[in-house]
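J.: Residue numbers (my numbering), protein chains in the order written: chain A, 1 to 348; chain B, 1 to 140. Okay, handing you the structure first.
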Amino acid sequence: MERDLEKSQAALQEFIRRQQAGQAAGADALRVGELTRLSGGASCEVYGFDLHAGDGTTRAMVLRADRPGKDFSASRADEYAVLREAEQAGVTVPHAHWLGSADDGLGVPFMVMDFVPGLALGQRLLRDDAYASTREALPAQLAGELARLHAAAPGHRLPGATPAGDDPRRFALAAVKQWTAAAATLHTDYPRPALDLAARWLKLNAPSVQEPVLVHGDFRIGNIMFDERGLTAVLDWELSHLGDPAEDLGWLCVRSWRFGRDHPAVGGLCTRDRLLELYREAGGRAVSADQLRYWEIFGNWKWAVICLLQAASARAGSRPDVELAAIGRRVPAVEWELVDLLDREQSQ
Amino acid sequence: MKDYPPADELLEAVAAFLDEEVKPLLKGGKRFKSIVAANACRVVAREAAGKTALVEEQRRGLGELLGELLGKDGQPTAAVPGDDSSADELGRELCAAIAEGAYDQGRSREQLLAWLRSDVEARLRINDPAFLERNERRDK
């Protein structure tokens with residue numbers, strides 16, 4: 001359903017005035033400018049707007065609102081909490097100002113944060129000459145962001161259930177279980193032996209984690225904002241959770257985030273070995289090539305499941321959506337990569 | 001007997017209309033969507049032309065693969081080539097055998113991986129031929 005932008009603009013202005021009442025002089029004079037749609041994923045809609053303060057200053061802001069009926073990602077409240085946590089840990093993120101519930105006028109949970117200039121488009125990053133210096137700078141910046149995030153002392157409030165027990169493999173096993181359960185909601189009319197083989201291998205080869213950390217959960221080219229010099233923000237925190245630091249590193253190696261620039265493995269930017277080296281130099285933990293490969297296989301499998309879930313969600317709206325439906329047909333390419341990675345495992 | 005024109009030709013005409021007449025009128029997200037829609041038409045066109053052969057090959061390959069699988073008694077455990085299970089039924093049987101650990105190691109695992117590779121390549125020829133071309137360039 002299309003959002004009524006004028007109504008949303010008025011509701012948002014009311015909300016921000018309420019948040020600022022008693023905290024800032026002239027809260028009643030705050031004005032929210034026109035909402036412009038910036039992007040929209042499967043689980044949220046993103047709008048840009050100007051916030052005009054009573055003293056005549058203007059600040060560019062972003063509204064992230066849930067899409068009705070979204071399912072597999074964390075709540076907007078969890079994302080907000082994690083974003084604040086990451087900012088404290090020194091990760092480059094947009095400052096999150098306010099969190100709104102479904103009762104705050106927009107009908108869905110939402111948050112308001114600073115607008116960060118830059119692009120998040122993987123294709124442009126990897127192909128456009130204007131971003132040659134960015135491509136040079138990014139590997140060390142990505143490793144540094146992850147090292148800082150993983151060094152954060154996780155606060156009291158973390159999304160999702162932390163797996164119970166003392167099996168050191170429980171974080172990997174819980175991740176496999178979570179996405180196996182998600183996959184189980186899909187049509188059984190379409191058997192996917194390659195994905196089932198990957199799930200089985202992931203269950204049998206789950207690595208141990210001695211010290212779980214706050215994991216971003218969707219750290220990849222496409223979720224990183226950049227300009228001509230380098231990284232400007234780490235976005236999309238809605239899949240973050242407590243887990244193995246190598247999970248974020250492996251996800252970054254998933255082939256889909258190379259946007260057709262297949263070499264080198266880390267987003268078309270640097271080799272896997274180089275990523276581990278840079279991560280270590282930035283203060284990250286020692287991660288072995290085996291651990292990294294486990295999470296790269298996990299990442300490809302999880303991405304295939306997400307694609308199928310998105311394709312299935314194409315039918316959820318009032319009319320089927322071709323963009324979402326077509327995502328399902330990207331799965332064979334991910335299966336190919338999985339079979340290739342699993343085959344290399346065997347020959348070791 | 002089929003009606004003329006065949007599905008792949010009709011869909012190629014829709015894709016050409018989207019590409020050449022609709023896309024130039026659009027901007028931003030809608031323009032991108034028209035590209036996705038044209039591509040989806042071409043996927044379905046290739047599927048319409050190649051589906052029968054694909055499914056027949058899956059039936060043959062899966063029958064062979066499952067027929068090779070030996071139980072603890074050394075006897076074949078599952079379907080044998082020539083039975084009349086559908087490709088989907090055999091696929092579900094394969095998934096069940098994978099979950100039970102029948103393909104965890106050794107020769108059966110090698111055979112499974114080889115079959116999966118050929119099957120996924122056949123499906124990529126329908127869904128994403130450009131991906132296979134990139135792989136070939138990569139291997140050179």
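Just so you know, even glycine gets a beta-carbon here, dropped at the ideal spot from N, CA and C. Source: prediction; values computed, not measured.
Quick check on F15/A: buried or exposed, where buried means 16 or more other Cβ atoms within 10 Å of its Cβ?
T.: Per the 10 Å Cβ criterion, buried.
J.: Whose CA, out of A174/A, A151/A, A153/A, lies closest to the CA of T162/A?
T.: The candidate whose alpha carbon is nearest that of T162/A is A174/A.
J.: CA-CA distance, Y80/A and G90/A?
T.: So the alpha carbons of these two residues sit roughly 16 Å apart.
J.: Roughly how many whole angstroms lie between the Cα atoms of I221/A and L231/A?
T.: Roughly 11 Å separates the two Cα atoms.
J.: Grouping DSSP H, G and I as helix and E and B as strand, with all else coil, what is A175/A?
T.: Three-state DSSP puts A175/A in a helix.
J.: Let me check one thing: in DSSP terms, what residues is A393/A bridge-paired to?
T.: Coverage of chain A is limited to positions 1 through 348, which leaves residue 393/A absent and any answer about it impossible.
J.: Under 8 Å, Cβ to Cβ, is there at least one residue of chain A near G91/B?
T.: Yes, G91/B lies at the interface with chain A (some Cβ there is under 8 Å from its Cβ).
J.: For a test of the three-state rule: what should DSSP assign to R285/A, helix, strand or coil?
T.: DSSP places R285/A in coil when its eight states are reduced to three.
J.: Of the residues G243/A, W251/A, V209/A, which one's Cα is nearest the Cα of R293/A?
T.: When each option's Cα is compared against that of R293/A, the closest is W251/A.
J.: Nearest CA to the CA of Q178/A: which residue from D167/A, G243/A, P117/A?
T.: The residue with the shortest Cα to Cα distance from Q178/A is G243/A.
J.: By DSSP, does L309/A sit in helix, in strand, or in coil?
T.: Of the three classes helix, strand and coil, the one that applies to L309/A here is helix, per DSSP.
J.: Quick one: Cα of Q13/A to Cα of D218/A, how far?
T.: C-alpha separation (whole angstroms): 31 Å.
J.: For A140/A, collect the residues of the same chain with a Cβ closer than 6 Å to its Cβ; drop the 5 residues on either side in sequence, then sort them by chain order.
T.: Answer for A140/A: L278, listed in chain order.
J.: Name the two residues that bound the continuous alpha helix (DSSP H) containing D114/A.
T.: Premise fails: D114/A lies in the beta strand (DSSP E), 110 to 114, not in any alpha helix (DSSP H).
J.: Could one say the Cβ of F131/B lies closer than 8 Å to chain A's Cβ atoms, at least one of them?
T.: True, the Cβ-Cβ gap to chain A drops below 8 Å.
J.: Using a Cβ cut-off of 9 Å, pull out every chain A residue sitting near Y4/B, in sequence order please.
T.: Within 9 Å Cβ-Cβ: nothing; Y4/B doesn't reach chain A, min ~27 Å.
J.: When you compare the CB of A38/B with every CB in chain A, is at least one pair closer than 8 Å?
T.: Not an interface residue.
J.: Counting only C-beta atoms, is F72/A closer than 8 Å to chain B at any point?
T.: Because F72/A carries a pLDDT of 49, less than 50, the predicted location of this residue cannot be relied on, and the following value inherits that uncertainty. F72/A does not count as touching chain B.
J.: Straight-line CA distance for R109/B to L138/A?
T.: The alpha-carbon atoms of R109/B and L138/A are separated by roughly 39 Å.
J.: Sort P320/A, P332/A, A25/A, Q210/A by Cα distance to G54/A and report the nearest one.
T.: It is A25/A whose Cα lies nearest to the Cα of G54/A.
J.: Identify whether F259/A lies in helix, strand or coil by the three-state DSSP scheme.
T.: Coil.
J.: Which residue spans inside the region 67 to 143 of chain A form an unbroken alpha helix (DSSP H) run of at least 4?
T.: Counting only runs of 4 or more, we get 76 to 88, 122 to 127.
J.: Using a C-beta to C-beta distance shorter than 8 Å, which residues of chain B count as neighbours of A333/A?
T.: Chain B residues near A333/A: L124, N127, D128, F131.
J.: For the ligand GDP, is there any heavy atom lying closer than 7 Å to the beta carbon of L83/A?
T.: By its list of ligands, the structure shown contains no ligand whatsoever, and the ligand GDP lies outside what it can speak to.
J.: Mind checking who R64/A pairs with in its DSSP beta bridge?
T.: Paired residue(s): V46/A, M111/A.
J.: In angstroms, rounded to a whole number, what distance separates the CA positions of A183/A and D114/A?
T.: If I take the Cα positions, the gap works out to 35 Å.
J.: Could you have a look at W30/A and say whether DSSP puts it in helix, strand or coil?
T.: Looking at the sequence shown, residue 30/A is not Trp but Leu. Residue state, collapsed to three classes: coil.
J.: Could you please give the first and the last residue of the uninterrupted alpha helix (DSSP H) stretch that includes V213/A?
T.: Premise fails: V213/A lies in the beta strand (DSSP E), 213 to 215, not in any alpha helix (DSSP H).
J.: Out of A38/B, W115/B, P129/B, which has the shortest C-alpha to C-alpha gap to A13/B?
T.: For A13/B, the nearest C-alpha among the options comes from A38/B.
J.: Should A325/A and A311/A be called a contact, given that it needs their Cβ atoms to be closer than 8 Å?
T.: Yes, the Cβ-Cβ distance between A325/A and A311/A is below 8 Å.
J.: Comparing C-alpha positions only, which one of E238/A, T185/A, Q210/A sits nearest to L309/A?
T.: Checked all of E238/A, T185/A, Q210/A; the closest Cα to L309/A is T185/A.
J.: Consider the Cβ of G260/A: report whether some Cβ of chain B lies at a distance smaller than 8 Å.
T.: Answer yes: the Cβ-Cβ gap between G260/A and chain B drops below 8 Å somewhere.
J.: Suppose you measure from the CA of E247/A to the CA of D3/B; what does that come to, to the nearest Å?
T.: Near 53 Å, if we compare the C-alpha coordinates of D3/B and E247/A.
J.: Taking just the CA atoms, how far does E34/A sit from E6/A?
T.: Cα to Cα, the separation comes out at about 8 Å.
J.: Answer with buried or exposed for R64/A, where buried requires no fewer than 16 other C-beta atoms within 10 angstroms of its C-beta.
T.: With 16 or more other Cβ atoms within 10 Å, it is buried.
J.: On the DSSP bridge assignment, give the partners of G243/A in chain order.
T.: DSSP lists V213/A as partners of G243/A.
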